[in-house]
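Residue numbers (the numbering used here): 70 to 1019. Okay, so here's the structure we're looking at.
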Amino acid sequence: MITIPSQEFTDLLNEISKKWQEEWSKNRIFEADPRDQKKFFTTVAFPYPNSPFHLGHGRTYVTGDVYARFMRMRGYNVLFPMGFHFTGTPIITMADDVAKGDKDLLDIFRNIYEIPPDVIPKLSDPLFMANYFKEEIKAAMREIGLSIDWRREFTTIDPHFSAFIVWQFSKLQKKGYVVKDTHPVGWCPVHNLPVGMHDTKGDMEPEIGEYVVIFFETKMGSLAAATLRPETIFGAVAVWINPKATYAVVESWGRRVIVSERAAEKLKFQIDVKVLEKVNGSELLKITAINPVTGKEIPVLPADFVDPTTATGVVMSVPAHAPFDYYYLKKAKVSIEPIPVVAVEGQGESPAKELVESSHPKNDADLKKLTEQLYRLEYNKGVMRSDVLRLVKEELRAELSPIAGKQVPEARKMITDLLLQRKAGTKILEIMNKPVYCRCGNEVVVKILQDQWFLDYGNPEWKAKAKKLLANMRVIPEETRKDFEYALDWLQKRACARTRGLGTPLPWDKKWIIESLSDSTIYMAYYTLSHKLREFGLHPSQLTEETWDYILLGEGDVKAVAERNKIGIEALQELRRHFTYWYPLDLRHSGPDLIPNHLSFFIFNHAGIFPEDLWPRGVAVNGFILYEGKKMSKSLRNIVPLRKAIRTYGADVIRIALSSLVDMSSDANFTEAGARAITDNLKRFYELMQMRSGSSIDGTPERWLRSKLHRLVRDVTPLMESMRFREVINELLFNLSSYINEYLEMVRSESREYNNDVIREVVETWTKLMSPFAPHLTEEMWHQMGHNTFLSLESWPTPDFNKINDEVELEHEYHKLLIEDIRAILNVYKGKPSAVVLYVHDGSLNQVVKSALDVLSKGGTMKDFMQMNTPKSKEEARTLQRIMQYVTEMPETVKRLVLSNVNEMDVTRKGVPFLRYKLNLEVEVLPYTQEVRQKINKEALPYRPAILVK
RNA sequence: GCGGGGGUGCCCGAGCUAGGCCAAAGGGGGUGGACUGAGGCUCCACUGGAGUAGUCCUGCGCGGGUUCAAAUCCCGCCCCCCGCACCA
């Protein structure tokens, strides 16, 4: 056999890839138009070009392409288009970072992605960046062999596309799915802009949480104590103030309120705040406050641990449940008895007290740990003590009485509602993981945005439609359906417009830009038309709402629409024809990260805008890619650019490694060793194709190999349909390869040459089966085998059931079992074996074995078997017992052999050449007789010959 | 916290919804051998332990249980990963 060194083969792969990519493109074989043929429309989430592709990006695209290619071979008119997502802020952010000279980023661009030095400065222009990376990504897509119809390419800032988005939002607006509301966001007071994770130092996502503010009346105004545990108000015995901080008396919530000066500043972003006067914290210590629930007068005490920058800078003191409070009260030698509020089984009266006294915290950090521990415990396991009611002031007692015995979460809600209702408290928002800093260095605050536009995914009618869509949609893998159900349920109002970024302005409020996850929900429809819009030379201004209504919904009168928008009737009808041919979308591919957002919006928007018969039919979700066991990340500097990987390993190898090495839903680990294994296996088939020196003898080995091949075709086809690519590749690349080796051994054991026709049949079928995975190599092989059609357009093979030969396969399996048994013996055999004798049972027990099998298959046990056969002697009973045991542990192959009624002696004898070859020993097959039994003192059972090693 | 997914042999990873073909697929790696001028190619054998006979023991996160029989079913526990919004 000819062997090619691996590197040479990789070079060959690259050469072949280039050649066929050019051929495909030149012959436009992936350009699909409506025709009289069943169609399959598939898309993969379009890329966001703010970086070149790395290995990880490749997976979804290749997975989608493998399926597209498969469906094409299954006789579908397949459309696989691609576009580019320019909308939003990340491109701008990235360009900003380049402009600012971000060291890490520049280093990655220069040294990992190998972007030419003269290009890098130009990337500070967002549009240049987007276009540059778009071309870069496109090149990668071509080089990996995606079967895309490139005529339809567009970007989301093309004016035609904007016209389409305007239509989409007008539709949503008219259906009442767009609403106006207020919304809290992380906000930079200097930029005057919302900040997300991308905009903060260290990429911290600002987490917004809610504090309950409780008003403690004083003669200077209400002290606004902020708390996360309002239910402990019953046990508030003092109010903490930081004596070193400045406080402000302000007018807010319709009253005079005392908060820290810093809090007053921040609260301005949430509510109206009018600062009346400023006071030193120490001054406040002179006053006393009233607990609004108990009505008791309590002291205002100094505490350094109170952070004036967090929430209101005023804290209520609950020594029974807050370790800080107990610790500092004790330290200040204030003698106030803690008042327990929450009871936890197995805990003492005053948990904070006990915790502090038993674990001796040394500093605030220790106290913080204790606090978290206690909060968690009481939140999850605590119930409200009933004796707290005694403390409640008269007018609230009746209303609060149900709180006794309630779980903490419920009690919290109850008391909060009461406080709010009585105007004894309110809620404020705060950054929970503070401090979070904007890139400009300022601390991020919470701002409540007024007049924000939302898509109302909480709208019950819309939600119901979305769920219906999901219920009728294919989800691959099926387990992911749960994630979708959860996401659809959970989605509520979602802001759909931003103040900055690239994209389409909201049609009715042009200062807002439609946000990127909102303008990419039904764009698949646009693919069906994009090249036609260009072809007809339509201007965006002609793409009015009614134009789209006609094309996409079939609404309106063609003539009138054509006339008013100065579009030819034929053109309009043609567009409508294209759209209706391709829509609905058959399958959408993406990564799992898009389930709670993009894919769910995709479902919602289709459900909201299109009639049911145009709802998408399926989604497929695949896992991520790891590199040598680790997630690819900037910080690890282990990002592998896709194009580089293609150059190193070859497109086909990368395709297989990305799409088919693990189950769809799991993350795939790309390793150098794994890639090499794929290369070597591909190479083996390529070499196999070049084998030419065989014979034409057509015997058992040939029947066996054909049987294996056709069985494989049969099994692999449904696996392809359900996208179980891992199993397919396992069969095609690894199992089939070992079948061939096995076949060659069988042939050799008969001391003859292999059969040319069989090998050719195997290789030719293999090229077809393998074509979706390794389109370049197989296309080349197909042509080298003398065909002049495109393999990519050939039909998927169908199995010839007549060639699936159970008997031949079973017999061969049995021979292998015999070899295993003999080897097990040889393994412990001392001395040099010269020959093996197999004494085959005469078959007189076959009936009994069959009946034992029958009992077992019906779920019966030894007992049933014994009862059925009623042994007449002890010896017979023993034999029956042995047989039952034997049958219980019997390999499937043997079971089927027993049931097949073939003659065991014949079957065994047929295997002699192969056994000899594999064992490299003389093998003899003889009948098992009484004499033999006495001589070797071993027992034989059906298909378990007595084995003697000499 | 809520929701989802996991913990399998040196590593990666199937199997576990339908309990017996499971010492547990497949790949990687390792060891030995064949081929070869040489091989990082290819092929064969071995790769939990013990054993002069096809067997036995241990074993699929931990601890119990059901069953003639459990990686697979039930109960409890521990640990890991992912998502949780205006951000692509």
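Positions of the beta carbon are idealized from the N, C-alpha and C atoms, including for glycine.
Separation of residue j from residue i, as counted between CA atoms
| i | j | result |
| --- | --- | --- |
| D890 | K872 | 30 Å |
| P471 | V515 | 35 Å |
| T112 | G127 | 14 Å |
| K172 | K703 | 12 Å |
| Y397 | H667 | 50 Å |
| V513 | A564 | 19 Å |
| L988 | V877 | 21 Å |
| R657 | R567 | 27 Å |
| Y201 | A168 | 16 Å |
| N83 | R716 | 7 Å |
| M70 | T998 | Here M70 scores only 49 on pLDDT, less than 50, and its place in the model is too uncertain to base an answer on. |
| L1017 | N750 | 39 Å |
| V281 | F553 | 33 Å |
| T948 | Q954 | 10 Å |
| E632 | W617 | 14 Å |
| R143 | I517 | 55 Å |
| I73 | K752 | 8 Å |
| R1002 | S969 | 27 Å |
| D373 | K399 | 14 Å |
| K628 | R221 | 27 Å |
| P361 | E530 | 43 Å |
With 16 other Cβ atoms within 10 Å as the buried cut-off, status of residue i
| i | result |
| --- | --- |
| K422 | buried |
| H429 | exposed |
| M937 | exposed |
| E1021 | What the structure shows of the chain is the stretch from 70 to 1019, and residue 1021 is not part of that stretch, so it cannot be assessed. |
| S587 | buried |
| Y652 | buried |
| T251 | exposed |
| D975 | exposed |
| Q76 | exposed |
Chain-order list of residues whose beta-carbon lies under 7 Å from that of residue i (same chain, five-residue window excluded)
| i | result |
| --- | --- |
| L705 | K699 |
| A726 | F739, G743, A744 and I747 |
| T363 | F303, L460, V461 and K462 |
| E833 | M854 |
Beta-carbon contacts of residue i that lie in its chain and below 6 Å, excluding the five residues immediately before and after
| i | result |
| --- | --- |
| P770 | Y812, M815 and V816 |
| V1020 | As displayed, the chain neither begins before 70 nor continues past 1019, which places residue 1020 out of reach and without an answer. |
| A307 | I367, P368, L370 and S386 |
| E800 | L781 and V785 |
| L730 | A737 |
| G980 | H884 |
Member of the options whose CA lies at the smallest distance from the CA of residue i
| i | options | result |
| --- | --- | --- |
| Y808 | F155, L781 and Q853 | L781 |
| W835 | H779, Q490 and E639 | H779 |
| E279 | L469, R481 and L262 | R481 |
| R821 | E830, L458 and G768 | G768 |
| L990 | L895, E945, R459 and V917 | L895 |
| F605 | E643, W577, E584 and G623 | E643 |
| F245 | G527, E406, P312 and E334 | In the sequence on display, residue 245 carries Gly and not Phe. Of the candidates G527, E406, P312 and E334, the one whose C-alpha sits nearest the C-alpha of G245 is G527. |
| N825 | R761, L802 and E286 | R761 |
| S585 | I952, K496 and I226 | I226 |
| V544 | V627, M792, V918 and I283 | M792 |
| A209 | S86, M542, F803 and L838 | S86 |
| H881 | L984, P787, P275 and A333 | L984 |
Same chain, Cβ closer than 8 Å to residue i, five either side skipped, listed in chain order
| i | result |
| --- | --- |
| N1006 | none |
| P574 | K580, W581, I582 and I583 |
| N707 | Y696, E697, K699 and M701 |
| field | Touching by the beta-carbon criterion (3+ pairs, under 8 Å), the stretch 587-606 and the stretch 133-153 | value | yes
| Taking one C-beta from the stretch 119-130 and one from the stretch 209-216 each time, how about it: are there three or more such pairs within less than 8 Å? | yes
| field | Segment contact, 8 Å Cβ cut-off, at least three pairs: the stretch 379-391 with the stretch 292-302 | value | yes
| task | Count the C-beta pairs between the stretch 225-243 and the stretch 477-497 that are closer than 8 Å, then say yes if the count reaches three, no if not. | result | no
| said: I want to know whether the stretch 636-644 touches the stretch 610-621 - three or more CB-CB distances under 8 Å. | reply: yes
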